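There are 2 protein chains.
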Amino acid sequence: MADNIPDIVIGRLPVYLRELTRLSEEEGKITTSSHELGQRLGISSAQIRKDLSHFGEFGKQGTGYHIKYLIDQLQEILHLAREWKVVLVGAGYLGHALAHYRGFQDRGFRIAWVFDNDPAKIGETLNSLIVQSITELEETVEKHEVKVAIIAVSAEAAQEITDRLVAAGISAILSYAPIHLKVPSGVHVSYSDPVVQLQRMAYYLV
Amino acid sequence: MADNIPDIVIGRLPVYLRELTRLSEEEGKITTSSHELGQRLGISSAQIRKDLSHFGEFGKQGTGYHIKYLIDQLQEILHLAREWKVVLVGAGYLGHALAHYRGFQDRGFRIAWVFDNDPAKIGETLNSLIVQSITELEETVEKHEVKVAIIAVSAEAAQEITDRLVAAGISAILSYAPIHLKVPSGVHVSYSDPVVQLQRMAYYLV
DNA sequence: TAGATTGTTAATCGATTAACAATC
DNA sequence: TAGATTGTTAATCGATTAACAATC
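For the protein sequence lines, the chains are F and V, in the order given. Each residue of the first sequence is one higher than the one before, starting from 1 at the first, in the working numbering. Each residue of the second sequence is one higher than the one before, starting from 1001 at the first, in the working numbering.
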């Protein structure tokens, strides 16, 4: 229990968490089963039980899982029982979308700073955040011991920004730049490239 | 060769394609090896050779792969040797970001229509596209036989939009809504939820 | 030729699933 | 009690890697 959990298991937990929240908040359910959860997510019930069993015993035979309790446990496991402040780099269209996204709330994250290198954008207010000069990036990350960053800059700028973030102490990066980033071990990167996602699906088209 | 390729292999091909394009266009290289490509992507050279071997023999012993030839082959395999016209649903901040994104160009896709249900947004021009009423969604998809859609609407609206898209003939959906979508078999869905991605990485934080 | 690198095989490693005793 | 569902084991399935003959 909880020693060396496969990445792929960790990857599914946030999806379980999201569906459990929906079950609880939208549908007012109190308990659920691995079978019900699996059906809703297109995952086998055995896999859900196996995944959870890496961390402990959260259910009851005969009745299943108490949803709110399981939500609490998953939040604890994923280190979401707190709010991670996030640095956003890039105040273009995508930066705007991220700064205005309300989905971060209550899910463990809050964008607290926005940076850009464009003098025309610096000083602009973005959903009550003031766009700061990229020259202040390191100082902010270091002073507030920020661990999480989102990169919404061009492919050309992304590696340099990454190097600066990492040097300043960032250890989790969500990147929207269409490029593979080089980071030292211990730093995690997650990518979002809409074109890569579309290209994967294109294989199955006609 | 090419009968029943694992999803996970297909998933890596667009990443190979992206890096090969970079190698060719940014660095002017003519050939590369599975070792070089793997090093740049953090993937073993054996895996790259194995992945490619599902589709044919593209390299030469001693010299490796001719980059432009391999790019052509991958584009062919992934059905990218054409331009897929894409329907975008949702003209909020994220819709704006997607409509203005220049990264689709030359990678197989082009957003050709944008829909929203907000009267304030309908008629607005978005990077030379006019936002259309969502009531015209089905007619457009059917008339132009559109196969690919991007969903940038709220979690509440996403399932209804999905059902309408699927009924109209869409078979690949990239969804930014934080919800698991139910679709009939044969329809592919790819998700992008920044919070899920951040939550996965949070597990590894301190 | 000598060195480099492919495509492929077999071995290893890891993930998923089926089945069921335990028990609520 | 009878029915439902868990957590876990063992079997199955699938993916990755190491190694190497073939050959450019």
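Just so you know, even glycine gets a beta-carbon here, dropped at the ideal spot from N, CA and C. None of the values given here were measured: they were computed from a predicted structure.
Between F:L41 and chain V, the shortest Cβ-Cβ separation is below 8 angstroms.
The continuous alpha helix (DSSP H) containing F:A157 extends over residues 155-168. Residues of the same chain with a CB within less than 6 angstroms of the CB of F:L174, apart from the 5 flanking positions on each side, are I150, S190 in chain order.
By the C-beta density criterion, F:A99 is buried, having at least 16 other C-beta atoms within 10 angstroms.
Assignment of V:D1007 by DSSP, reduced to helix, strand and coil, places it in the helix class. Close partners of F:E19 in chain V (Cβ separation under 9 angstroms): I1179, H1180. Looking from the CA of F:P194, the closest CA among V:Y1093, V:V1015, V:G1169 belongs to V:V1015. In the three-state reduction of the DSSP assignment, V:L1174 falls in the strand class, which pools E and B. Under DSSP, F:G59 takes part in a beta bridge, and its partners are F:Y65.
V:F1115 is bridged by DSSP to V:V1089, V:Q1132.
Chain F places a beta carbon closer than 8 angstroms to that of V:G1103, counting this residue as a contact. Shortest Cα-Cα distance from F:Y101 to any of V:F1058, V:R1022, V:E1076, V:A1177 involves V:A1177. Interface criterion not met: the Cβ of V:R1164 is under 8 angstroms from no Cβ in chain F. Nearest to V:A1112 by alpha-carbon distance, out of V:T1125, V:K1085, V:I1134, is V:K1085. Of all residues in the stretch 66-86 of chain F, only I77, L78, H79, L80, W84, V86 come within less than 8 angstroms of chain V when Cβ atoms are compared, listed by chain position. Taking the Cα of V:L1041 as reference, the smallest distance to any Cα among V:G1028, V:Y1065, V:V1153, V:L1013 is reached at V:L1013.
F:F109 has F:W84 as its beta-bridge partners, per DSSP. Contacts between F:K147 and chain V, judged by CB atoms closer than 7 angstroms, involve L1205 in chain order. CA-to-CA, the gap between V:V1187 and V:I1170 works out to about 8 angstroms. In this chain, the alpha helix (DSSP H) harbouring V:V1196 covers 1194-1202. Around the beta carbon of F:K121, a 10 Å sphere encloses 16 or more other beta carbons of the protein chains shown; the residue is thus reported as buried. With contacts defined as CB atoms closer than 8 angstroms, F:H54 and F:S45 fail to qualify as a contacting pair.
Comparing alpha-carbon positions, the option among F:V114, F:T125, F:A155, F:Q159 lying closest to F:V141 turns out to be F:V114.
Around the CB of F:Y69, fewer than 16 other CB atoms lie within 10 Å, so the residue is classed as exposed. Closer than 8 angstroms to the CB of F:L198 there is at least one CB belonging to chain V.
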